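Heads up: the structure comes next, in structure tokens.
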Amino acid sequence: MKHALKNILVAGTAFSLACGQAFAANTEKGNEKIVSAGASVTELIYALDAEKQLVGVDVTSITSKDSSLPKVGYHRALSSEGLLALQPTMIIGSDEMGPKPALDQLQRVGVDIEVVDNAPTIEGLNKRIDQIAKLTHSENNAPALKAKVAEKVSALEANQPAEGKAKKVLFLLIHEGRPANVAGSETTPDAIITLAGGKNPAATSLTSYKPISNEAIIEMQPDVVLVSGRSYAKLGGSAAIIEALPMLSATPAGQNNAILTIDGHALVGGLGLKSLEEAKRINTLLYP
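Numbers 1 to 288, taken from UniProt numbering, label the letters of the sequence shown in order.
Written out as structure tokens, the structure reads:
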């Protein structure tokens with residue numbers, strides 16, 4: 001028994017050392033093999049023309065139609081075994097990436113774990129562009145991408161409501177059988193609402209995502225309610241959502257059937273390029 005255990009330990013150590021040496025060798029050559037964990041990270045790798053370095057992505061990521069990249073699971077629930085099978089030199093994600101034990105195991109065998117900025121702000125997005133550009137050796141492409149971001153922001157700023165006329169927009173995270181959560185300040189939905197010219201009534205009293213009472217929703221009197229496209233489809237549309245959340249009937253949003261969808265990919269890993277696209281789409285719907 002002792003000999004068997006010793007052999008297992010020796011084999012495990014040898015495997016770890018071999019993996020570490022292989023990963024280090026690839027990194028030294030500048031030949032990165034990257035797993036991207038998060039939609040906003042993956043979209044930036046593509047936007048920086050660095051997608052050839054990808055060997056895998058998480059399930060929240062959108063890739064090119066002809067991509068056959070393996071999916072490694074959800075960015076919050078990564079498996080070290082599945083990732084090691086791809087022999088990555090680097091995993092890039094936000095601080096939402098995990099779990100920590102899996103990431104620690106990958107680090108022990110020589111995989112670089114890179115956590116990039118995920119602040120839900122334009123400044124955070126530009127910082128993430130620079131970080132990912134450096135990690136993927138595509139720094140020359142960063143200025144043009146940041147210029148595109150600036151153009152998108154300028155287009156949003158050109159269609160803003162007059163002072164005091166901003167519509168109140170609430171983002172609800174809906175789970176069947178549980179109270180709805182609302183997005184407060186310091187969240188990507190709040191940033192999208194602000195960029196779109198809306199006012200998030202939850203931002204003045206809440207940060208992050210918090211459960212919200214029926215009374216609080218009524219008190220906030222949103223003009224528009226945002227939900228993820230997935231929740232909208234799963235619940236069966238705006239009428240079904242109002243039926244499931246009857247307190248909405250006491251708000252302008254419910255009375256006017258103003259339930260809008262937002263692409264869930266735009267909410268993962270901080271404010272991203274997809275977030276700006278969604279902000280523009282919502283801006284046009286709010287202020288046609």
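Where a beta carbon is used, it is the ideal one built from N, C-alpha and C, also for glycine.
All values derive from a computational prediction rather than experimental measurement.
Look at Ser238 and Ile259 and say whether their C-beta atoms are less than 8 Å apart. yes
Could you give the residue range of the beta strand (DSSP E) that holds Ile259? Ile259 to Ile262
Under a Cβ-count criterion, where at least 16 other Cβ atoms within 10 Å of its own Cβ denotes burial, should Asn118 be classed as buried or exposed? buried
Reduced DSSP secondary structure (H/G/I, E/B, other) of Glu277: Helix, per DSSP.
Verify the CB distance criterion: does Met97 have a CB-CB separation below 8 Å to chain C? Of the chains in the structure shown, none is chain C; there is only one protein chain.
Opposing strand residues paired with Asp190 [DSSP bridges]: According to DSSP, Asp190 bridges with nothing at all.
Locate the beta strand (DSSP E) running through Lys234, then write down its first and last residues. For Lys234, there is no enclosing beta strand (DSSP E); the residue is part of the alpha helix (DSSP H) that begins and ends at Gly229 to Leu235.
Closer than 6 Å by C-beta to Arg230: which residues in its own chain qualify, once you throw out the five before and the five after it? Chain order, please. Gly264
Is it the case that the CB of Gly73 approaches a heavy atom of the ligand ZN more closely than 7 Å? In terms of ligand content, the structure shown is empty, and the ligand ZN therefore cannot be addressed.
For the region 47-112, which segments carrying the alpha helix (DSSP H) assignment without a break, of at least 4 residues, lie completely within its bounds, in sequence order? 80-84 and 100-108
Counted within 10 angstroms of its Cβ, other Cβ atoms place Glu32 as buried (16 or more) or exposed: buried
In terms of residues, what are the limits of the alpha helix (DSSP H) holding Leu170? Run containing Leu170: none in the alpha helix (DSSP H); it sits in the beta strand (DSSP E), Val169 to Leu173.
Helix, strand or coil for Thr226 per DSSP? The sequence as given places Leu at residue 226; Thr does not occur at that position. Leu226: strand per DSSP, three-state reduction.
Closest to residue 331 by CA distance: which of Leu226, Ala216 and Ile217 is it? The structure shown does not extend to residue 331, since the chain is modelled only from 1 to 288, so the question has no answer here.
Please classify Arg128: is it buried, with 16 or more other beta-carbons within 10 angstroms of its beta-carbon, or exposed? buried
With DSSP as the reference, label Glu215 as helix, strand or coil. Note: Glu215 maps to helix in three-state DSSP.
I'd like the list of long-range same chain contacts for Ser80, defined as Cβ closer than 7 Å, with 5 residues on each side in sequence excluded. Ala102, Gln105 and Leu106
Does the count of Cβ pairs from the region 267-276 and the region 238-252 closer than 8 Å reach three? no
Residues bridged to Tyr209 [DSSP beta-bridge criterion]: Ala183
Using the beta-carbon count (16 or more within 10 Å), is Pro201 buried or exposed? Buried.
Assigned exposure category for Ser40 - 16 Cβ within 10 Å defines buried: buried
Under 8 Å between the Cβ atoms of Ser61 and Thr42? yes
The beta strand (DSSP E) spanning Ala147 covers which residue range? Looking at the DSSP string, Ala147 is not in any beta strand (DSSP E); the run it does join, the alpha helix (DSSP H), is Ala142 to Glu157.
Taking the C-alpha atoms as reference points, what is the distance between Lys146 and Tyr74? In this structure, the straight-line span from the alpha carbon of Lys146 to that of Tyr74 is close to 28 Å.
Please classify Ala50 as buried or exposed, where buried requires at least 16 neighbouring CB atoms within 10 angstroms. buried
How would you call Pro288, buried or exposed, if buried means at least 16 neighbouring beta carbons within 10 angstroms? Here Pro288 is exposed. Its C-beta has fewer than 16 other C-beta atoms within 10 Å.
Ala37, DSSP secondary structure in three states: strand
Who are the near neighbours of Met220 in its chain, counting only those whose CB is closer than 8 Å to its CB and skipping five residues on each side? The residues are Lys168, Leu170, Pro201, Ala202 and Thr251.
Please classify Ala279 as buried or exposed, where buried requires at least 16 other C-beta atoms within 10 Å of its C-beta. buried
Look at the alpha carbon of Ser213 and the alpha carbon of Leu248, and state the distance between them as a whole number of angstroms. Cα to Cα, the separation comes out at about 12 Å.
Residues near Asp112 in its chain [Cβ-Cβ closer than 6 Å; skip 5 each side]: Spatial neighbours of Asp112 in its own chain (CB-CB distance under 6 Å, excluding positions within 5 residues in sequence) are listed in chain order as Met90.
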